[in-house]
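Chains as they are written, first to last, in the working numbering: chain A, 58 to 391; chain B, 9 to 406.
All C-beta atoms, glycine included, are put in the ideal place defined by N, C-alpha and C.
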Amino acid sequence: MVKVNVPFMQTGTLVVGNRLLDETDRSVQAWQGRPSCLTHGHRACQGCAEALAARWVLDTAMEVTDGKLMVANATGCLEVFSTLYPESAWKVPWIHSLFANSASVATGIAAVLRARGRTDTRVIAQGGDGGTADIGLACLSGMFERNDDVLYVCYDNQGYMNTGAQRSSATPPATRTATTPAVGRDPGAPFGQGKSVPRIAMAHDIPYVATASVADLRDLEAKVRTAMSHRGARYLHVLVTCPLGWGTKSADSIKMARLAVRCGLFPVFEAEYGEVTASTPIRDRVPVEEYLRPQRRFAHLFGPNGDEIALGRIRHMAERNIRQYNLCPEGSRS
Amino acid sequence: MHELLEGSQAVARAVGLCHPDVVCAYPISPQTHIVEALSGMVRTGKLVNCDYINVESEFAAMSVAIGASAAGGRVYTATASQGLLYMAEAVYNASGLGLPIVMTVANRTIGAPINIWNDQSDSLSQRDSGWLQLFAIDNQEAVDLHIIAYRLAEEISIPIMVCMDGFVLTHATDVVDMPTQEQVDAFLPSFTPRESLDIDNPRSIGMMAGPDIFTETKYLSHRAMLGAIDRLEEVSGEFEAIFGRRTGRPVRVLGAANGSDSVPGRHGQIAVIAMGSVLGTLQAIQPVLRASGVDIHLIGLGAFRPFPSRALAAAIGQASRVVVFDRAIQVGIGGVLSGAVRRAMKGSPAPLHSVAAGLGGRPITEDSLAAIVRQAHAGDLSDLTFMDLRDDVIEKVS
Chain A
58 MVKVNVPFMQ
68 TGTLVVGNRL
78 LDETDRSVQA
88 WQGRPSCLTH
98 GHRACQGCAE
108 ALAARWVLDT
118 AMEVTDGKLM
128 VANATGCLEV
138 FSTLYPESAW
148 KVPWIHSLFA
158 NSASVATGIA
168 AVLRARGRTD
178 TRVIAQGGDG
188 GTADIGLACL
198 SGMFERNDDV
208 LYVCYDNQGY
218 MNTGAQRSSA
228 TPPATRTATT
238 PAVGRDPGAP
248 FGQGKSVPRI
258 AMAHDIPYVA
268 TASVADLRDL
278 EAKVRTAMSH
288 RGARYLHVLV
298 TCPLGWGTKS
308 ADSIKMARLA
318 VRCGLFPVFE
328 AEYGEVTAST
338 PIRDRVPVEE
348 YLRPQRRFAH
358 LFGPNGDEIA
368 LGRIRHMAER
378 NIRQYNLCPE
388 GSRS
Chain B
9 MHELLEGSQA
19 VARAVGLCHP
29 DVVCAYPISP
39 QTHIVEALSG
49 MVRTGKLVNC
59 DYINVESEFA
69 AMSVAIGASA
79 AGGRVYTATA
89 SQGLLYMAEA
99 VYNASGLGLP
109 IVMTVANRTI
119 GAPINIWNDQ
129 SDSLSQRDSG
139 WLQLFAIDNQ
149 EAVDLHIIAY
159 RLAEEISIPI
169 MVCMDGFVLT
179 HATDVVDMPT
189 QEQVDAFLPS
199 FTPRESLDID
209 NPRSIGMMAG
219 PDIFTETKYL
229 SHRAMLGAID
239 RLEEVSGEFE
249 AIFGRRTGRP
259 VRVLGAANGS
269 DSVPGRHGQI
279 AVIAMGSVLG
289 TLQAIQPVLR
299 ASGVDIHLIG
309 LGAFRPFPSR
319 ALAAAIGQAS
329 RVVVFDRAIQ
339 VGIGGVLSGA
349 VRRAMKGSPA
359 PLHSVAAGLG
369 GRPITEDSLA
379 AIVRQAHAGD
389 LSDLTFMDLR
399 DDVIEKVS
C-alpha cells in the first residue's frame, strides 16, 4: 500500500483520512475489527451524536481492555433507543437499572470483579447530562469519593432530550427548552444557574477527568485510552449534539459540536487529581454567534427582536472559559 | 453451638457464613449493628473475598447491590424505615430484574412524626415490590431465615427481605444456636445466576419492554411468587434435615394442644394471627388464657410475601373469630396484615377483628394482648381497635 502523508488538522479529525494514515495513527473506528459495541438497527434520531459518541467510546474501551468490558447505563435516550425488547443494539455485557443509579450499579459490578480477582475486566457507566448532573449526581459523587474503579461517561446534549427537551442543570443560559420557553424578560434558561460536572468531578481529586467533543474522534479516543490507563474513578464529559433538542440539521451534528469548541463555549481539557493538566487550544476561533445562530433553541437571540445583552453575556462566558482553561495561548491563531 | 448473642451480631455472623461477595449499606437505626459487625469481619479478614462498600444513601446501597448481583455476586444489604422508602425505586427494580439480593429489614416505623422504634410499616409498605418478605419470631429464626433466604432467592431469582423487629430483636441478647460452616455449606450451594453480565456471553439486562410484552412479565412474576409458597415450605423442610430445627414455614400453628404446627382451628376457638416478635408474647399468654376458658388458636405467619392464603385459611379452620394483631396500618382502612387475612378468608363466616398494636414502638404488653383477646371472646371487640390508645391525648385534640 502506498503511504500518503495526510496533514493532521487540529481543526477537525477528518475521519475519512483515517485509512490513509499509518496504522498506528489510525483511529479505532478505522480498524476493520472494531467491535461496534453499539451496532446498527437502533432507533436513535438521524444525526444523533450521542449514539456516535457512545459507539466510539465503548469501541475504544473494548480495544484497550481486549474485550473485557461491562457497561451500566442510565435511563435516557441512549437506553431507550437501543433496547426495546426483544431487540438490543449492544454487543457488550450491558445493564440498565434506573435513571439515577448507573454510577452505583457500576460500583457494584466493579466490587464483584474485585472480590473475585477479575480486575482485568473493566466497568464503564454512562448516562446523559440529566442522569449525571441532576438526578444521578449523588450516586456519581459517591462513586468518585470512594475512588471506585469505574469510568463514568456523560454524553452531554444539554437537556432532557428523551422527554422532549426540558432544561437540565447542564443546559446553557439563554437556551430555549420546553421548560424555559423563550418568553418574558429573560427568555430561555436563566443566566447564573447550572453547573459544571467536570469541575465537580475534579473537586473529588479523582485520578482523571476529561472533556471531549464528538467532533474530535481522535481526541475522544485518546481520552478514553488515557482514562482506561488509570485505575480508580474517572470521568469523561462528552459534548454531543442533539438535532431534535437543539433545532439543528441532522447533517450538522459534527459541525455544531466543533463550533461549540471553536467559539470557546465548550472547553476541552484534561485534569488529573484535581488539577488541569492539559487543554486543547482553539484554532480558528469563531464568534459565539456562529455557533448559536444555526440552532433554533437560540433563535430568540437573533433577528429584529434579538437579545444583544444575552449575546454579550454568552460572549463573556466564552472569554471566561478561554481565560480559565488557557484555550488561546500566546502565539496561537485565533 | 449455643451462644449468647445480640440479634444483630448473630445475623451478621449468619450472613458471613453465606459468604457474600459484596456487602453494602447505609447506616440507619436499628440496622446499624448488623452492618458494623460485617464491616469488621471484612476488615479483620474473618470474611474473605468480600468487599464492604460504604455508600452515600440507601438508594445507592440497593443500586450497588443490583450491579453486584447482576455481575453474578452474592450480595447483602440491610436497612429500615426511611431508608427502605429512600431505596424504594431500586427495590422494585431489583425484583423486576430478577436479582436474588438478600436484605435485612430491621423493622421500624415510618415518619412523620419521626420515630426510630419498632413496627412493621416499612417492609409492609413494600408489599407490592415483588420481593419475598420473611418474618422472624425470634433471633434464632432471624439467623436461620438469612440462610434460607439465600438458598431460596438464588433458586427462584427473586430478592428476599428478612424482616426482624427493630430493637426488639436486633438489639436483644438471646441464646442462639449458631449454624456451623459445614451445615451452611451443605445447605447453600454456590450462586449460579439465572443470567448475568458475562464478557463471554454479552447480554442486555434491563431492556425496555413495551405494551406488547409488559403484562407477560408481570404475570410471570405473579406465577413465580405463587410458586415460592410451596418452594419455601420445601426449603424449610430441607433446612430442618440439616440443621435439626424447622424454620421458615409460611404458616405455623403455635402451642397447639397436640403439639402439631398445622392443626386447623376448631369451633369455639379464637384464631389469633400475627407476624414477628409479638408472637412470642402471645405464646406466653396462651396457657393463661386457656386456663381461664379462652381458647386461642395462635397462628404465626412466617411469610407475608408470598402470602400463604390457602395454608392460612386451612389453619384458621373452623375458628369462631379471628383477631389479627397488625403492626402497620393503611390509614383510613385498617391493618395491612388483616386486609390480607380477610382476602385469604373469603367465604368464611368468622368475624375478623383488626387490632393495631405496638405502633412506633408502643410496648405490647401481655396484659393488653390478653385484654383484647378476652374482649373478642366476649364478643365486645370492634372491627378495628387501636390497642392502648391514649384517650387523654385524643380528647385534647378533639
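Here's the rule I'm using: 16 or more other beta-carbon atoms within 10 Å means buried, otherwise exposed. How should residue 255(B) be labelled?
By the 10 Å Cβ count, residue 255(B) comes out buried.
If you measure from the beta carbon of residue 424(B) to each beta carbon in chain A, is any gap under 8 Å?
Because residue 424(B) is not part of the residues shown, which for chain B are 9 to 406, the question remains open.
Nearest CA to the CA of residue 333(B): which residue from 360(B), 183(B) and 231(B)?
Checked all of 360(B), 183(B) and 231(B); the closest Cα to residue 333(B) is 360(B).
Using a Cβ cut-off of 8 Å, which residues of the stretch 21-40 of chain B contact any Cβ in chain A, in chain order?
Correct list: 29, 30 and 32.
Specify, as a first and last residue, the run of the beta strand (DSSP E) that residue 271(B) falls within.
Counting along the chain, residue 271(B) falls outside any beta strand (DSSP E), and DSSP gives it neither H nor E.
Could you tell me whether the stretch 121-130 of chain B touches the stretch 379-387 of chain A, using the rule of 3 or more Cβ pairs below 8 Å?
Touching, no, given that fewer than three Cβ pairs across the two stretches are closer than 8 Å.
Are the beta-carbon atoms belonging to residue 111(B) and residue 15(B) less than 8 Å from one another?
In this structure, residue 15(B) does not lie closer than 8 Å to residue 111(B) by Cβ.
Of the choices 116(B), 244(B), 104(B) and 108(B), whose alpha-carbon is the least far from that of residue 28(B)?
If we check each option's Cα against that of residue 28(B), 108(B) comes out closest.
In whole angstroms, what separates the C-alpha of residue 54(B) from that of residue 170(B)?
Approximately 23 Å, taken between the alpha carbons.
Between the alpha carbons of residue 258(A) and residue 202(A), how many angstroms are there, rounded?
Roughly 9 Å between the two C-alpha positions.
How many Å lie between residue 351(B) and residue 317(B) at the Cα?
Their Cα atoms are separated by approximately 8 Å.
Have a look at residue 325(B) and residue 259(B) and give me their C-alpha separation to the nearest angstrom.
When rounded, the distance between both Cα atoms is 13 Å.
As an exercise, report each continuous alpha helix (DSSP H) stretch of at least 4 residues that is fully enclosed by the stretch 265-320 of chain A, in chain order.
The qualifying runs are 274-286, 300-303 and 310-319.
Using DSSP with H/G/I as helix, E/B as strand and the rest coil, what is residue 113(A)?
Helix at residue 113(A).
In whole angstroms, what is the alpha-carbon distance linking residue 208(A) and residue 225(B)?
Straight-line Cα distance between these residues: approximately 32 Å.
Restricting to Cα atoms, I'd like to know which of 245(B), 237(B) and 155(B) is closest to residue 314(B).
Answer by Cα proximity: 237(B).
I'd like to confirm the pairing. Which residues does DSSP put opposite residue 129(A) in its beta bridges?
The partner list for residue 129(A) (beta bridge, DSSP) reads 152(A) and 182(A).
Is it buried or exposed, residue 51(B), if we count other Cβ atoms within 10 angstroms and call 16 or more buried?
Residue 51(B) should be labelled exposed.
Exposed or buried, which one is residue 222(B) when buried takes at least 16 other CB atoms within 10 Å?
Classification of residue 222(B): exposed, given that the 10 Å Cβ count is below 16.
For chain B, check one thing: does any of its Cβ atoms lie closer than 8 Å to the Cβ of residue 196(A)?
Residue 196(A) counts as touching chain B.
Tell me whether residue 180(A) is buried or exposed, calling it buried when 16 or more other Cβ atoms sit within 10 Å of its Cβ.
That one is buried.
Judging by CA-CA distance, which residue of 104(B), 153(B) and 159(B) is the nearest neighbour of residue 230(B)?
Cα-wise, what sits closest to residue 230(B) is 104(B).
Using a Cβ-Cβ distance under 8 Å, would residue 260(A) count as near chain B?
Taking Cβ atoms only, chain B never reaches closer than 8 Å to residue 260(A), which makes this a no.
Opposite residue 147(A) in the DSSP bridges: which residues?
Bridge partners of residue 147(A): 95(A).
Quick one, are the C-beta atoms of residue 163(A) and residue 129(A) less than 8 Å apart?
In this structure, residue 129(A) lies closer than 8 Å to residue 163(A) by Cβ.
With respect to the alpha helix (DSSP H) encompassing residue 222(B), which residues constitute its N-terminal and C-terminal limits?
222-251 is the span of the alpha helix (DSSP H), which, as asked, contains residue 222(B).
Sort 309(A), 117(A) and 106(A) by Cα distance to residue 347(A) and report the nearest one.
Among 309(A), 117(A) and 106(A), the Cα nearest to that of residue 347(A) belongs to 309(A).
Mind pulling the chain B residues with CB within less than 8 Å of residue 120(A)?
Under the 8 Å cutoff, chain B gives no residues; its nearest Cβ is about 14 Å from residue 120(A).
On the CB-based measure, 16 or more other CB atoms within 10 Å of its CB, does residue 384(B) come out buried or exposed?
Buried.
Quick check: is the beta carbon of residue 152(A) nearer than 8 Å to any beta carbon in chain B?
It does; some Cβ of chain B falls within 8 Å.
Which value, in whole angstroms, describes the spacing of the CA atoms of residue 79(A) and residue 340(A)?
For residue 79(A) and residue 340(A), the distance between alpha carbons rounds to 24 Å.
Decide if residue 451(B) is buried, meaning its Cβ has at least 16 other Cβ atoms within 10 Å, or exposed.
What the structure shows of chain B is the stretch from 9 to 406, and residue 451(B) is not part of that stretch, so it cannot be assessed.
Name the chain A residues whose beta carbon is nearer than 9 Å to that of residue 202(B)?
Residues of chain A passing the Cβ test: none, with the nearest at roughly 14 Å.
According to DSSP, simplified to helix, strand and coil, what is residue 212(B)?
Of the three classes helix, strand and coil, the one that applies to residue 212(B) here is strand, per DSSP.
Evaluate contact between the stretch 94-112 of chain A and the stretch 172-184 of chain B, counting only Cβ atoms and requiring at least three cross-stretch pairs below 8 Å.
No, because fewer than three Cβ pairs between the stretch 94-112 of chain A and the stretch 172-184 of chain B fall closer than 8 Å, the two stretches do not touch.
Can you pull the DSSP bridge partners for residue 460(B)?
Here chain B covers residues 9 to 406 and nothing more, so residue 460(B) does not appear.
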